[in-house]
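J.: Structure provided below as structure tokens; questions to follow.
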Amino acid sequence: QQGECRIDRIETREPTYRFEAEGGVTEFWDHNEQEFRCAGVSFHRHTLRRNSLLLPYYTTAPSLVYVLQGRGTFGHLVPGCPETYESESGSEREGGGEQERERYGEMGRRFRDRHQKVGQLRKGDIVASPAGIARWVYNDGDEELVLVALEETSNRANQLDENPRSFYLAGNPRSGGEGGQQRQRESAFRHHGQGGRGQPEFGNVFRGFDAQWLSEIFQVDEETARKLQGEDENRGHIITVERSLQVLSPPHRGEEERYRRGERRQYGGRGGSSWGN
Amino acid sequence: GLEETVCSARVKENIDRPSRADVYNPEAGRYSTVNCFTLPILRFLGLSAGKGVLHENAIMAPHWYTNAHSIVYFTRGEGRAQVVNHRGEAVFDGDVNEGQVLVVPHNFAVVKRAAGRRLEWVEFNTNHDAMINTLAGRTSALRGLPADVVAAAYQIPREEAQRLKSSRRETFLFQSDAGERSRRIA
Chain U
24 QQGECRIDRI ETREPTYRFE AEGGVTEFWD HNEQEFRCAG VSFHRHTLRR NSLLLPYYTT
84 APSLVYVLQG RGTFGHLVPG CPETYESESG SEREGGGEQE RERYGEMGRR FRDRHQKVGQ
144 LRKGDIVASP AGIARWVYND GDEELVLVAL EETSNRANQL DENPRSFYLA GNPRSGGEGG
204 QQRQRESAFR HHGQGGRGQP EFGNVFRGFD AQWLSEIFQV DEETARKLQG EDENRGHIIT
264 VERSLQVLSP PHRGEEERYR RGERRQYGGR GGSSWGN
Chain W
3 GLEETVCSAR VKENIDRPSR ADVYNPEAGR YSTVNCFTLP ILRFLGLSAG KGVLHENAIM
63 APHWYTNAHS IVYFTRGEGR AQVVNHRGEA VFDGDVNEGQ VLVVPHNFAV VKRAAGRRLE
123 WVEFNTNHDA MINTLAGRTS ALRGLPADVV AAAYQIPREE AQRLKSSRRE TFLFQSDAGE
183 RSRRIA
């Protein structure tokens, strides 16, 4: 926008808004600061505690994420792409029984699922997320997973204005802690005279739809439809997972070797992958 | 080669013919698109279009366009639509009728439903290859999530998560249970 880059002085910036959630915290830099507006970007940092899940969401602009610390699993939900990560076929299912119980231990039998490709995250990774593509992140490491993300709101892929917007597909993102526990730094007041103007906004898109319609669309009861809407939710946008997630994920090279040699281990290893590292 | 690219470019495509439908469900309706692949000049224009027909009580799955605004003109019939913003607020929840225009901004989620009569519309999208992402159905975002992620996100048992993922076999034109019931009564 005209005049945004008439900069006389540049300062280092600290996060302005802080949103606490059950499983972690997201800090936003005020995108209304002149430098950010000039560059046409917004910046934020997610910190996911162990065993926490950043709920699926999409943004109006493309983003680049850098993994500052920790490890995790992530997925992009690309429209039209098939669910290429799938557990055993139906024929194998029939022959399960005792053998399966032996193989998968306490779980009795392996839960079958089919979903889109997932990836592993570790320190130093850059992840590119296109605009409008939903994504999720799960911390399956043994320390906090910290991600810093740049969203280019001025990118031509973003057809809305330059305010960053996140559309969540679950939960009640603004409910984590007391009203999101925003911390508005002095600078936000100084520039706008009202702390809230540059505040990021996000919510669960299912909430805007009629619960009865959702129940019909998903062919589930209304109670489940209300769960889609995140009613009575207070975990925020990063949630703690009770037991570790079972996500289908291919093994690392060493693990594959061991698998070939028949050194199988029980399903449900670290990060939900089938085989240990 | 201007004359080879622009002067002789095909500029017309009929998307109203039922036999031309890209998505078709005899119970629910049909949907056709024209984009830069079917009409290459649209790449220059940065626009695309779609034509939708929903039979009585049928539903078009909740969806969002990942890369375009959508300007919907209702050509026939009556129905209802809901549009939701990033805060999860319904910015539109009301009846839609022939002759009306509904603007659905980029990334806002929308669901449409035909009322007693079938609902038809033409939509203009501000991208030459507008991409749709659905929230329910066989190719939906929910379907692409691991069942455990669905279970954790919505606080439901794994089996329920699996049901939620796979309840609808259709892509995005759904026959309504209400419609089915009224047909049975008739």
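Sequence lines, in order, name chains U and W.
Residue numbers for the first sequence follow this note's numbering, beginning at 24 and rising by one.
Residue numbers for the second sequence follow this note's numbering, beginning at 3 and rising by one.
Where a beta carbon is used, it is the ideal one built from N, C-alpha and C, also for glycine.
Which word fits E115(U), buried or exposed, when buried means at least 16 other C-beta atoms lie within 10 angstroms of its C-beta?
T.: Taking the first residue of the first sequence as position 1, residue 115(U) is located at position 92. With a pLDDT of 44 at E115(U), under the threshold of 50, the modelled position of that residue is not reliable, and no figure is offered here.
J.: Ordered along the chain, which non-local residues of its own chain (more than five positions away) have a Cβ less than 6 angstroms from that of N87(W)?
T.: Numbered from its first residue, the second sequence carries residue 87(W) at position 85. These residues qualify, in order along the chain: V93, F110.
J.: Given that D163(U) touches chain W, what residues does it touch there, using C-beta distances under 7 angstroms?
T.: On the first sequence, position 140 is the one that residue 163(U) refers to. In chain order: nothing, as chain W lies at least about 11 angstroms away.
J.: If you draw a straight line from the C-alpha of F174(W) to the C-alpha of A63(W), how long is it?
T.: As a working mapping, residue 174(W) is identified with position 172 in the second sequence. As a working mapping, residue 63(W) is identified with position 61 in the second sequence. About 5 angstroms.
J.: T96(U) to S75(U), Cα distance in whole Å?
T.: The count along the first sequence starts at 1 and reaches residue 96(U) at position 73. The count along the first sequence starts at 1 and reaches residue 75(U) at position 52. So the alpha carbons of these two residues sit roughly 11 angstroms apart.
J.: With a threshold of 6 angstroms on Cβ separation, who are the neighbours of L147(W) within its own chain once the five nearest residues in sequence on each side are excluded?
T.: Walking along the second sequence from the start, residue 147(W) turns up at place 145. None.
J.: For I262(U), return the contacting residues in chain W, with the cut-off set at a CB-CB distance below 8 angstroms.
T.: Numbered from 1 along the first sequence, position 239 holds the residue referred to as residue 262(U). Going along chain W in sequence order, the residues near I262(U) (Cβ under 8 angstroms) are A154, A155.
J.: Note down, in chain order, all residues in the region 184-195 of chain U with a beta-carbon under 9 angstroms from any beta-carbon belonging to chain W.
T.: For the region 184-195 of chain U, which is checked against every Cβ of chain W, the residues closer than 9 angstroms are R188, S189, F190, Y191, L192, A193, G194, N195.
J.: How about E239(U): is its C-beta nearer than 9 angstroms to some C-beta of chain W?
T.: Walking along the first sequence from the start, residue 239(U) turns up at place 216. By this cut-off, E239(U) is an interface position.
J.: Listed from N- to C-terminal order along the chain, which residues in the region 138-172 of chain U have their beta-carbon within a distance smaller than 8 angstroms of any beta-carbon of chain W?
T.: Hits within the stretch, in order: H138, Q139, V141, P153, A154, G155, I156, A157, W159, Y161.
J.: Could you say which of D165(U), Y161(U), G155(U) lies nearest to E175(U) if we only look at CA atoms?
T.: Position 152 of the first sequence, counted from the start, is the residue given in the question as residue 175(U). The candidate whose alpha carbon is nearest that of E175(U) is G155(U).
J.: Whole angstroms are fine: how far does the CA of I261(U) sit from the CA of I30(U)?
T.: Counted from its first residue, the first sequence places residue 30(U) at position 7. Counted from its first residue, the first sequence places residue 261(U) at position 238. Computed Cα separation, rounded: 36 angstroms.
J.: Under 6 angstroms Cβ to Cβ from D97(W), same chain only, skipping five residues before and after it: list those, please.
T.: Looking up residue 97(W) in the second sequence gives position 95. Closer than 6 angstroms at the Cβ level, and outside the excluded window around D97(W), lie R82.
J.: For A143(W) and A70(W), which I take to be in contact (beta-carbon distance under 8 angstroms), what is that distance rounded to the nearest angstrom?
T.: To locate residue 143(W), count along the second sequence from 1; it is residue 141. To locate residue 70(W), count along the second sequence from 1; it is residue 68. Between A70(W) and A143(W) the Cβ distance is about 17 angstroms, and since that is not below 8 angstroms, they are no contact.
J.: Looking at K53(W): is its Cβ nearer than 9 angstroms to the Cβ of W123(W)?
T.: Numbered from its first residue, the second sequence carries residue 53(W) at position 51. Numbered from its first residue, the second sequence carries residue 123(W) at position 121. Closer than 9 angstroms, so yes.
J.: Classify S238(U) as helix, strand or coil using the three-state DSSP reduction.
T.: Against the first sequence, residue 238(U) aligns to sequence position 215. Note: S238(U) maps to helix in three-state DSSP.
J.: Cutting at 7 angstroms between CB atoms, please list the residues of its own chain near P20(W), excluding the five before and the five after it.
T.: Counting from one through the second sequence, the residue named residue 20(W) turns up at place 18. Excluding residues within five positions, the ones whose Cβ falls inside 7 angstroms are R32.
J.: Within 9 angstroms (strictly less), CB to CB, does R124(U) reach chain W?
T.: Taking the first sequence and counting its residues from 1, one reaches residue 124(U) at position 101. Residue confidence for R124(U) is low, a pLDDT of 46 falling below 50, so the modelled location carries little weight and cannot support an answer.
J.: So which residues on chain U does Q84(W) lean against when the C-beta distance must stay under 8 angstroms?
T.: Locating residue 84(W) in the second sequence gives position 82, where the first residue counts as 1. Here the neighbours are G231, F232, D233, W236.
J.: Interface residues of chain U around R45(W) at Cβ under 9 angstroms?
T.: Position 43 of the second sequence, counted from the first residue, corresponds to residue 45(W). Simply none; closest approach about 14 angstroms.
J.: What does the alpha-carbon distance come out to for the pair Q143(U) and S110(U)?
T.: For the purposes of this step, residue 143(U) is taken as residue 120 along the first sequence, with counting starting at 1. For the purposes of this step, residue 110(U) is taken as residue 87 along the first sequence, with counting starting at 1. Taking the straight line from one Cα to the other gives about 18 angstroms.
J.: Compute the distance between the beta-carbons of V13(U) and Y89(U), then report whether it is under 9 angstroms.
T.: Any answer about residue 13(U) is impossible in this case: the structure gives chain U only from 24 up to 300.
J.: Name the chain U residues that come within less than 9 angstroms of E91(W), Cβ to Cβ?
T.: Within the second sequence, the letter at position 89 stands for residue 91(W). Per Cβ cutoff of 9 angstroms: G226, R230, G231.
J.: With DSSP as the reference, identify every bridge partner of W159(U), one or two as the case may be.
T.: Taking the first residue of the first sequence as 1, we reach residue 159(U) at position 136. Bridge partners of W159(U): G98(U).
J.: What separation, rounded to the nearest whole angstrom, lies between the Cα atoms of Q235(U) and C28(U)?
T.: As a working mapping, residue 235(U) is identified with position 212 in the first sequence. As a working mapping, residue 28(U) is identified with position 5 in the first sequence. Answer to the nearest angstrom: the Cα atoms are 49 angstroms apart.
J.: Taking beta-carbon pairs under 8 angstroms, can you tell me which members of the region 86-106 of chain U lie near chain W?
T.: Here the close residues are G98, L100, V101, P102, G103, C104, E106.
J.: With a 10 Å radius around its C-beta and 16 neighbouring C-beta atoms as the bar for buried, classify D203(W) as buried or exposed.
T.: Chain W is shown only over 3 to 188; residue 203(W) falls outside these bounds and no answer can be derived.
J.: Just to confirm my understanding: we take W231(W), look at its own chain, exclude 5 residues before and 5 after, and list those with CB closer than 6 angstroms. What are they?
T.: The shown model of chain W, from 3 to 188, leaves out residue 231(W), and the question about it has no answer.
J.: Which same chain residues end up closer than 7 angstroms to G147(U) when comparing Cβ atoms and leaving out the 5 residues on each side of it in sequence?
T.: Within the first sequence, residue 147(U) is the residue found at index 124, counting from 1. The answer, listed in chain order, is V90.
J.: Flag this pair as yes or no: are the beta carbons of I240(U) and V106(W) separated by less than 9 angstroms?
T.: One-based indexing of the first sequence puts residue 240(U) at position 217. One-based indexing of the second sequence puts residue 106(W) at position 104. No. Outside cutoff.
J.: Using C-beta distances below 7 angstroms, list every residue in its chain close to R119(W), excluding the 5 sequence neighbours before and after it, in chain order.
T.: Mapped onto the second sequence, residue 119(W) falls at position 117. Once the five neighbours on either side are set aside, the close Cβ partners of R119(W) are E58, G79, E80.
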